[in-house]
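Using this note's numbering, you'd call the opening residue of the sequence shown number 6 and step up by one each time.
Think of the CB as a built atom: it goes at the ideal place given N, C-alpha and C, for glycine as much as any other residue.
Please read all numbers here as calculations on a predicted model, not as lab measurements.
Here is the structure we will look at.
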Amino acid sequence: MELLSGNEAIARGAWEAGATIGVAYPGTPSTETMENFGKYEDVYAEWCTNEKVAVEVGMGASMAGRRVLSTMKHVGVNVAADPLFTAAYTGIGGGFVILAADDPGMHSSQNEQDSRYYAMAAHIPMLDPADSSEALKFTRDAYELSERFDTPVMIRSNVRVSHTRCLVEVGEKVPFEPKPYKKDASKYVMMPLYAKVRRVVLEQRVADMKAFVEECEYNKVVEGTNNEIGVICAGSTYQHVIEALPEANVLKIGVSWPLPEKKIRDFAASVKDVYVIEEGSEYLSNQVKALGVTLSETLRPLKPEGELTPGLISYAFGKDIPSHIESPEDLPPRPPALCPGCPHRPVFRELHRIHAIVTGDIGCYTLGALAPLEGIDSVLDMGASVSMAHGVELALQDKAHNPVVAVIGDSTFAHSGASSLLNTVYNCGTGTVCILDNRTTAMTGRQGNPVNGVTLQGRPSRELDLPAFVRSMGVDDVRVVDPQDLEAVKRELGDATKNDHLTVIIFKSPCVLLERKQREKYWINANCRGCGICTTLGCPAISRDSESRLASIDPSLCCGCSQCSQLCPFDAIVHEGK
């Protein structure tokens, strides 16, 4: 037995099943899955530029006979949807398993979508483990199911399953002999001539899978002591239900699509009242009601958004909330912030100062939207900053307006920003695009990407020449600026936002968590006038006395970046040597 998180268990299950190729784009809560898979012997794992590419690489490896694991977060499934839907038609060669890690509660995401809808729409079977133990077993079994039914198989996880550890019974790696590649255009070339035939194959596969889920061990009834209450649930919600309602009969759904229709109807008939409990979605409720099952309403409504807890479920069923100490209401807010010394901070401060219209993107730099920087006006999805900036320019081209600036990170630019920039160039767009090159994919844990040339398993690679790449698209005005130089940031942004052509500024400086250099720390001397200019950086190391208004620097947080020292008009911030 080993103590494993759901992500570690999924990686282990894939390895035990004989998967030898892993492809992914990092995204919380899925990231650690591929990182752990890449640590096993005799496997190849890579960070792909985006999720669409990951599924396409995975399909190629599967077609050539290997067992493959692909991982992504729920919004990554949006990006992968194009090949995913057609892969359901083609089927696979070697088993192909795809992890979709949902994020109810939006701990690190821009929406709260339910990946089960994708499985249903694409006609791809989806397994829904409730804990780490099931995550390993379901993943390991998924390869057999993938090859048995000639289809990719999806594993659905969420934050609680992915990041919660429990005891797991691990096994040995099962030898898997890669299947020989067989040329078969009628299976893999999805032009209408062949796709029409494969659609018929897909329908027969769905019928076969529907018969399978009625008998498989993944969908099971857990009997309680009260036949009057029946609950249908799936995934981690099952853990909350059995804690909150130990007396209830529970139909635990382990296959989210296709659902076991007969088993659901039989279960509903065996209890007086049947309820569906699920997080932030009506997927399961709607599917059960579509089978003609009448669902009962809880005494108190469950919230439609966010995560569930045993306490919320108990309360919904009329139970009293246990006595507890209420959280104080006068605590100061603790919003997330960019790290001390973050190279993104001077860029956002300057964008705020010049009152730019800033379209932002997905990454840790999204925090530039928060006070006091307030340097981002929109965040939609990965790569959207460049496209949206072009749209803003189109809408305002006949009017006097503030500068329009797109801000995007290096990894996100490689993910989907490059195609957006190409579109702007192709359509003769203007404005300013800032690529924040901090040499890593910082938000998800400092993974490699094409811009820094660091691969998942440390293989020799090459770093993308970002200025040359941007120039090759047709951008004539490309500048590389050190964002830690505040005067340079001010000068280059000021110049770029005043011209009438497209300018790309690459702000290049490593993430402070990459280098962790021991620089001389800064402190504030008697010259401080309490003007507060240093606090406009929003650096967590800088605070200000509420009475004297004088600033101070926490030496345990200061990393010696010198941003505040450059900003101070009174030479009040000096390093330790002075």
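Sorted by chain position, which residues of the same chain lie with C-beta nearer than 6 Å to T230's C-beta, five sequence neighbours on each side aside? What you label residue 230 is simply residue 225 of the sequence shown in a count that begins at 1. Result list for T230: E252, in chain order.
Would a C-beta distance cut-off of 8 Å place P118 and D386 closer than the cut-off? As a working note, residue 118 is residue 113 in the sequence shown. As a working note, residue 386 is residue 381 in the sequence shown. The question names Pro, but residue 118 is Gln in the sequence shown. No Cβ-Cβ contact shorter than 8 Å links Q118 with D386.
Distance, A59 Cα to W52 Cα: As a working mapping, residue 52 is identified with position 47 in the sequence shown. As a working mapping, residue 59 is identified with position 54 in the sequence shown. C-alpha separation (whole angstroms): 8 Å.
Residues that DSSP places opposite L8 in a beta bridge: Along the sequence shown, one-based indexing puts residue 8 at 3. For L8, which the question treats as bridged, DSSP gives the partners L172.
Ignore the nearest five residues each way along the sequence and tell me which others in S392's own chain have a CB closer than 6 Å to its CB. Here residue 392 is taken as the residue at index 387 of the sequence shown, counted from 1. The residues are S425.
Tell me the start and end of each unbroken alpha helix (DSSP H) in the region 172-242 that is at least 4 residues and wholly inside, in chain order. 190-193 and 197-220
Considering only the alpha carbon of each residue, which of D382, K57, V412 and E525 lies closest to C563? Here residue 563 refers to the residue found at position 558 of the sequence shown. C563 has its Cα closest to that of E525, out of D382, K57, V412 and E525.
Is V164 near A14, with beta carbons less than 8 Å apart? By 1-based counting over the sequence shown, the position of residue 164 is 159. By 1-based counting over the sequence shown, the position of residue 14 is 9. Result no, Cβ atoms of V164 and A14 do not sit closer than 8 Å.
Return the first residue and the last residue of the beta strand (DSSP E) that V384 is part of. As a first step, residue 384 must be located in the sequence shown, where it is residue number 379. Neither: V384 is in no beta strand (DSSP E) and is coded neither H nor E.
Compare the C-alpha of V486 against each of S477, T36 and R496 and name the closest. To locate residue 486, count along the sequence shown from 1; it is residue 481. Closest in alpha carbon position to V486, among S477, T36 and R496, is R496.
Does DSSP put K44 in a helix, in a strand, or in coil? Sequence index remark: in the sequence shown, residue 44 carries index 39 (1-based). Looking at K44 - three-state DSSP - the assignment turns out to be coil, as it is neither helix nor strand.
Spell out the partners DSSP gives C511 in its beta bridges. Residue numbering aside, residue 511 sits at position 506 when the sequence shown is read from its first letter. Just to set this straight, residue 511 is Ile in the shown sequence, not Cys. Under the DSSP definition of a beta bridge, I511 partners with I440 and V485.
Based on Cα-Cα distance, which residue from E398, V298, A374 and K78 lies nearest to V430? Residue mapping note: residue 430 aligns to position 425 of the sequence shown, counting from 1. The shortest C-alpha separation from V430 is found at E398.
Under a three-way DSSP split, which group does L336 fall into? Translated into positions along the sequence shown, residue 336 becomes position 331. The answer is coil: DSSP assigns L336 none of H, G, I, E or B.
Name the one or two DSSP bridge partners that Q292 has. Within the sequence shown, the letter at position 287 stands for residue 292. Among the bridge pairs identified by DSSP, Q292 is matched with none.
Buried or exposed (CB count within 10 angstroms, at least 16 for buried), H360: One-based indexing of the sequence shown puts residue 360 at position 355. The residue in question, H360, is exposed, as its Cβ has fewer than 16 Cβ neighbours within 10 Å.
When you compare only the Cα positions, how much space is there between E152 and L198? The residue given as residue 152 occupies position 147 in the sequence shown. The residue given as residue 198 occupies position 193 in the sequence shown. One C-alpha to the other measures close to 24 Å.
Any heavy atom of the ligand GDP closer than 7 Å to the Cβ of E174? This structure simply doesn't include the ligand GDP, nor any ligand for that matter.
Which listed residue (D415, D500 and T435) has its alpha carbon closest to that of E468: What you label residue 468 is simply residue 463 of the sequence shown in a count that begins at 1. If we check each option's Cα against that of E468, D415 comes out closest.
Alpha carbon to alpha carbon, how far is I578 from L355? Give it in angstroms, no decimals. Walking along the sequence shown from the start, residue 355 turns up at place 350. Walking along the sequence shown from the start, residue 578 turns up at place 573. Reading off the sequence, residue 355 comes out as Glu, not Leu. The alpha-carbon separation between E355 and I578 amounts to approximately 20 Å.
Kindly indicate the opening and closing residues of the alpha helix (DSSP H) around A59. Residue mapping note: residue 59 aligns to position 54 of the sequence shown, counting from 1. It spans E56 to M68 - the alpha helix (DSSP H) in which A59 sits, taken as one unbroken run.
Kindly indicate the opening and closing residues of the alpha helix (DSSP H) around R270. The residue given as residue 270 occupies position 265 in the sequence shown. E266 to A274 is the extent of the alpha helix (DSSP H) around R270.
Cβ shell of G346 (< 6 Å), same chain only, five flanking positions each side left out: Here residue 346 corresponds to residue number 341 of the sequence shown, with the count starting at 1. Counting only Cβ-Cβ distances below 6 Å, and skipping sequence neighbours, we find V517, C564 and C566.
For R339, does the count of other Cβ atoms within 10 angstroms reach 16, so buried, or fall short, so exposed? Here the question's residue 339 lines up with position 334 in the sequence shown. Answer is exposed; the Cβ neighbour count stays below 16.
Below 8 Å between beta carbons: does that hold for S390 and I362? Counting from one through the sequence shown, the residue named residue 390 turns up at place 385. Counting from one through the sequence shown, the residue named residue 362 turns up at place 357. Contact flag unset, no.
Touching by the beta-carbon criterion (3+ pairs, under 8 Å), the region 182-193 and the region 93-102: yes
If I follow the unbroken alpha helix (DSSP H) through H395, where does it start and stop? Position 390 of the sequence shown, counting from 1, holds the residue named residue 395. Looking at the DSSP string, the run of the alpha helix (DSSP H) that includes H395 is A389 to L401.
Y122 to V28 span [Cα, whole Å]: As a first step, residue 122 must be located in the sequence shown, where it is residue number 117. As a first step, residue 28 must be located in the sequence shown, where it is residue number 23. Answer to the nearest angstrom: the Cα atoms are 23 Å apart.
Do A22 and Y148 count as a contact pair if the criterion is CB distance below 8 Å? Here residue 148 is taken as the residue at index 143 of the sequence shown, counted from 1. Here residue 22 is taken as the residue at index 17 of the sequence shown, counted from 1. Yes. Within cutoff.
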